[in-house]
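Scroll down for the structure; my scribbles are underneath it.
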Amino acid sequence: MVGGAGIRENLLRKFDGMDWILRIAVAGEFIGHGVFGLQAKQSWIPYLTSVGVSTDTAVILLPLIGALDITLGILVLIRPFRIALLWMTFWAFATALIRPIAGEPIWDFVERFANIGAPMALLYLRGIPR
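Basically my numbering = 1-based index in the sequence shown + 167.
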């Protein structure tokens, strides 16, 4: 079974490589967006006000959301807990969907599918929580 062991080793090596590629991609997405949140990026305020949050509250919430995003981005590099990956997948979907809700074209949602797909793929590789 030397051939079988070699195939298994190769697959495990590829899995580990894919795992790290996705972890780095997800970390970059969440840390980058988190920094914008910490800065209370002005163009993001309408996303929150479109769902009934006041402007004053949005300005307070954005840095808190940003801090959480940065924390999750760092966590995914250290230890990607499946429940955190589930949240990150949901949050990426919600933040993409808020764009057409706020009046932007549907394509602003569609073009963010990779932001949803990266944490979802990492979650799939690590096993969806039951």
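Every residue gets a Cβ at the ideal spot worked out from N, C-alpha and C, and that includes glycine.
Inset, instruction - Decide if the segment 218 to 238 is in contact with the segment 191 to 205; the criterion is three or more beta carbon pairs, one per stretch, under 8 Å apart. - result: yes
Inset, instruction - Give the C-beta separation of residue 276 and residue 259 to the nearest angstrom, bearing in mind that I take them to be a contact with Cβ-Cβ under 8 Å. - result: By 1-based counting over the sequence shown, the position of residue 276 is 109. By 1-based counting over the sequence shown, the position of residue 259 is 92. In fact, because the Cβ distance is near 11 Å, the residues do not count as touching under 8 Å.
Inset, instruction - Please report the residue range of the alpha helix (DSSP H) in which residue 261 lies. - result: To locate residue 261, count along the sequence shown from 1; it is residue 94. 249 to 268 is the extent of the alpha helix (DSSP H) around residue 261.
Legend entry - Separation of residue 270 from residue 219, as counted between CA atoms: Start at 1 with the first residue of the sequence shown, and residue 219 comes out as number 52. Start at 1 with the first residue of the sequence shown, and residue 270 comes out as number 103. Rounded to whole angstroms, residue 219 to residue 270 spans 14 Å at the Cα level.
Legend entry - Where residue 290 falls, given that 16 or more other Cβ within 10 Å makes a residue buried: Position 123 of the sequence shown, counting from 1, holds the residue named residue 290. Classification for residue 290: buried.
Inset, instruction - Look at residue 244 and residue 283 and say whether their C-beta atoms are less than 9 Å apart. - result: In the sequence shown, residue 244 corresponds to position 77, counting from 1. In the sequence shown, residue 283 corresponds to position 116, counting from 1. No.
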